[in-house]
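In what follows, a structure is listed as structure tokens, so that the remarks can point back to it.
Residue numbers (the numbering used here): 2 to 746.
Here you go:
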């Protein structure tokens, strides 16, 4: 029976050699470094690693999504003629920076890593090249000679690195394809590599994934990859060296635990660690991997029918292997050609919602490339069907993209999946014809990049079925009722040039008057634009998408705004929408917030100005209403001031803070807000606030000037801090305070 403890115990042996030799076949580092290593630096916002080669070792761990995960690892690359390159990977660029040397035993770890990884040299000092690394002084104390590879290192015709150096230190991921190849060849020749990057910050090129990250292309041969997750630190703000509890952060050992004789007795904490880390590895395996892929292929074939999570039977940590295989299937799909996608079709999975086989047809869509973002087509791809996207000559080379699926949220970080965590696909469409296929199906879109050259084009899409779609000002009402709303696809869209709603087709089958509904939606969008002091004519429409599960919260802002399925009723019922839908308006408000006038503690507050404004001006609700929390306003004020009117509490309680903004609206009207927001919108960069203190100061000063009143005492009464200089700058204005405020003790 396997026993596992969720605590991470520091290593208390006399050297770190055991960490390196913990994995079978990983040679121990040179002796001589005897300092105990317990913790290492955790600079900035580090990422995590995936580790899967049997002879790779996890060196240090942090916490990702509440689970311990590797942040430093070592491995070997099988090379030519028996040579073996060595890699040590760190999950943040700051790990290979002088600022980290004094934290915990970080310097001792780096010394050990450098000595272990560097190729031995029969004569003379070992040589190291530094790429964006400032640790030259440290390496000199270890006896290394620093070699400058020059700016053109790795270029065709340059001398092989193995002829010049024994160890390479790379910080960051700005490597060309030629440099990736050169480093890989260096490792195959027995060279060593210390590498650090912050992979979550890597800007993934269109059509690529983290598998294509330059350092991942190198380290994958050693069974190590950088992930896109964040790593949390311990209470001391550092990372712990890997101890016994970290064993299941190694994917091979994790899969052993999930498939071995004791799998049934694996406790939930252990199962979570094992599944989380094995899933991370399964999603990052290189296409040529032979360390873990064969094992996962065998497991996938055995459990293929068990990979459809539903709300009734979600994929949680009670079935950890299911989660790993779902992750592995996702990786295979990302790398699959359209012709091979059908091997992974899951017709019963969300979002297909039981759509049956239909006659495929061709659709023709008119697109104006002056509008960026997703362009709806009113067409739907069934799971596994190969679509052919045909572009006219004047659209080829514009970097348009074909997309299947509107459910853009990925759910990998959730403990329970009610659907497959990733169900959409995008592919570049620059050629005359582009094939694309999705294992899950979904609405079809043409995606126009920002800054695209304006053109009106006709796109032909082959292999689709029709979906219910109503476009305000274009779709005839009688045609909607008699034909369009009954189209066979399981997802529908209701569109204007200001907003597009993606909902289950069942939500529109009985919708008789989409014109009235969308006219109301346009009024809502125009109201938000008015308050934000921006043009009503938008660069692109906002989007709302209903989903069975989303990445965060009940709803969240973004493009698209994501909601749960039950919100589709409010989205498609004009009477319910007109009665006030605080949540839908709240997320729209987030999309109109400006960071210039949203300081710490008000992210969930200033967005509600838009909820208030829309409820009042569009839904004809009384001012300062629309949410149940506002009904106990006086009680909230009394409680806040009875506790001392502390800013920390104000920041923690959005509806307490909102009252302050409501008081300004009640005394000075919405026009004051519009005036101030317009002022912010026109600010030159040099005048925009640079810090949170600046934001509070400017908000107080600009609003005071807009209304001709000194709001300094009002801010002070609420406990919102401002600078003396800011308060002095409005001292010429008459002081203002709401009547009867602040409350007397």
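Yeah, the Cβ is synthetic: ideal placement off N, Cα and C, and Gly gets one too. Just so it is clear, the structure is predicted and the values come from calculations on it, not from any experiment.
Given that a residue counts as buried once 16 or more other Cβ atoms are within 10 Å of its Cβ, and exposed if not, what is residue 360?
-> exposed
Exposed or buried, which one is residue 369 when buried takes at least 16 other CB atoms within 10 Å?
-> exposed
Outcome for residue 540 when other beta-carbon atoms lying within 10 angstroms are tallied against a minimum of 16 = exposed
What number of angstroms, rounded off, separates the C-alpha of residue 22 from the C-alpha of residue 115?
-> Low confidence applies to residue 22: its pLDDT is 48, below 50, so where it sits in the model is not reliable, and the reading given next is rough at best. Rounded to the nearest whole angstrom, the C-alpha separation of residue 22 and residue 115 is 15 angstroms.
Is residue 284 closer than 9 angstroms to residue 630 when the C-beta atoms are compared?
-> Not in contact: residue 630 and residue 284 (Cβ atoms no closer than 9 angstroms).
With DSSP collapsed to three states, give me the class of residue 241.
-> strand
Nearest to residue 154 by alpha carbon, out of 174, 130, 135 and 173?
-> Of all alpha-carbon atoms in 174, 130, 135 and 173, the one lying nearest the alpha-carbon of residue 154 is that of 130.
Can you tell me which of 606, 652, 524 and 476 puts its alpha carbon nearest to the alpha carbon of residue 617?
-> 524
Using the C-alpha atoms, what's the distance from residue 109 back to residue 36?
-> Bear in mind that the predicted position of residue 36 carries a pLDDT of just 48, short of 50, making it too unreliable to give a figure here.
In whole angstroms, what is the alpha-carbon distance linking residue 25 and residue 250?
-> Only weak support is given to the placement of residue 25: the predicted model assigns it a pLDDT of 35, under 50, and the value that follows is read from those uncertain coordinates. C-alpha of residue 25 to C-alpha of residue 250: approximately 16 angstroms in a straight line.
Tell me which same chain residues have a C-beta within less than 7 angstroms of the C-beta of residue 558, skipping the five on either side of it?
-> If the five residues before and after residue 558 are omitted, its C-beta is found closer than 7 angstroms to the C-beta atoms of 588, 591 and 592, all from its own chain and listed in chain order.
From the DSSP output, read off the bridge partner residues of residue 64.
-> 69 and 233
Count the CB pairs spanning the stretch 49-69 and the stretch 226-236 that are closer than 8 angstroms, and state whether there are at least three.
-> yes
Who are the near neighbours of residue 144 in its chain, counting only those whose CB is closer than 8 angstroms to its CB and skipping five residues on each side?
-> 126 and 127
Test item: CB-CB of residue 192 and residue 166 under 9 angstroms | yes
Look at the alpha carbon of residue 33 and the alpha carbon of residue 138, and state the distance between them as a whole number of angstroms.
-> Below a pLDDT of 50, predicted positions are generally treated as unreliable, and residue 33, at 32, falls in that range; no measurement from the model is reported.
If you drop the 5 nearest sequence neighbours on each side, which residues of the same chain put their C-beta closer than 7 angstroms to that of residue 603?
-> 658
Cβ-Cβ distance between residue 637 and residue 650 below 9 angstroms | no
Does the Cβ of residue 121 have 16 or more other Cβ atoms within 10 Å, making it buried, or fewer, making it exposed?
-> exposed
Where does residue 619 sit, in a helix, a strand or coil, going by DSSP?
-> coil
Is residue 738 closer than 9 angstroms to residue 1 when the C-beta atoms are compared?
-> Missing from the structure shown is residue 1; the chain here goes from 2 to 746 and no further.
Determine which residues share a DSSP beta bridge with residue 170 and list them.
-> Residue pairing by DSSP places residue 170 opposite 131 and 195 in a beta bridge.
Which residue from 584, 305, 400 and 353 puts its Cα closest to that of residue 381?
-> Minimum Cα distance to residue 381 is reached at 353.
In chain order, what residues of the same chain lie with their CB nearer than 6 angstroms to the CB of residue 508, ignoring the 5 residues before and after it?
-> 569 and 573
Hey, is the stretch 263-270 in contact with the stretch 288-296, meaning 3+ C-beta pairs nearer than 8 angstroms?
-> no
Counting pairs of Cβ atoms below 8 angstroms between the stretch 660-673 and the stretch 621-629, do you hit three or more?
-> Cβ pair count under 8 angstroms is three or more, so yes.
Residue 560 (DSSP reduced to helix, strand or coil) = coil
What residues are listed by DSSP as bridge partners for residue 364?
-> 462
In terms of residue numbering, what span does the alpha helix (DSSP H) encompassing residue 329 cover?
-> 321-336
Of all the options 473, 607 and 260, which has the alpha carbon lying nearest to the alpha carbon of residue 594?
-> 607
Would you grab the beta carbon distance between residue 93 and residue 47 for me? Rounded to a whole angstrom, and I think it's under 8 angstroms.
-> 4 angstroms
Would you say the stretch 470-482 touches the stretch 321-331, given that touching needs at least three Cβ pairs under 8 angstroms?
-> no
Determine the closest residue to residue 535 out of 674, 76, 253 and 286, with distance taken between C-alpha atoms.
-> Closest by alpha carbon: 674.
Drop a sphere of 10 angstroms on the beta-carbon of residue 95, count the other beta-carbons inside from all chains shown, and report buried for 16 or more, exposed for fewer.
-> buried
Tell me where the alpha helix (DSSP H) around residue 657 begins and ends.
-> 655-669
May I ask which residues mark the beginning and end of the alpha helix (DSSP H) holding residue 293?
-> No alpha helix (DSSP H) holds residue 293; DSSP gives it neither H nor E.
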